[in-house]
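In short: position in the sequence shown from 1, add 1388, done, that's the numbering used here.
C-beta: ideal position from N, C-alpha, C; glycine also.
None of these values were measured; they are calculated from a predicted model.
One structure is given here, and the rest of the page talks about it.
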Amino acid sequence: MKIELEYVKVGDYYFLAPALEPQPDRSLGKYGLMRLRYLKEHRPGLFNRLTLSGKLYAHLLETEDAANDLLDSMMPGMAKEAGATEDLKARDPMRWVGLMNCCKAQVEEIIFAEVIMI
């Protein structure tokens, strides 16, 4: 059995080159970047493990998708509970915007606790 390993020369030393998975063409959004920052600052062990295994970018994209799905599923219910209806939007647009911003902030707090900071 023959195993072929690839090495990278850095200065005078050779290091084993990690087998990297191809990266998707998507770029990271707000929540993926927040997860990246959180991992770097608060979970360096997990960050290093994901980076060295080549799975960091896939993990960040998965986090991004989960956060956006949670936002999309929770916003209509929160807006309805807060009373941000289409009728209010037509009568008092500034109040409607304020309610929607409040709802989004509440949902984002849930996203931070359940998706970003786990």
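Relative to the Cα of V1503, the nearest Cα in the group R1423, L1416 and Y1395 belongs to R1423. In the same chain as L1444, and ignoring 5 residues on each side of it, the C-beta atoms closer than 6 Å to its own belong to L1438, in chain order. Its Cα nearest to that of M1505, the residue L1434 stands out among Y1402, V1398 and L1434.
In this structure, DSSP gives K1390 a state outside helix and strand, which the three-state scheme calls coil. In the three-state reduction of the DSSP assignment, K1397 falls in the strand class.
Inter-segment contact for the stretch 1424-1433 and the stretch 1455-1469 is absent: fewer than three beta-carbon pairs are separated by less than 8 Å. Less than 8 Å separates the beta-carbon of M1463 from that of V1495. With contacts defined as CB atoms closer than 8 Å, L1416 and L1404 fail to qualify as a contacting pair.
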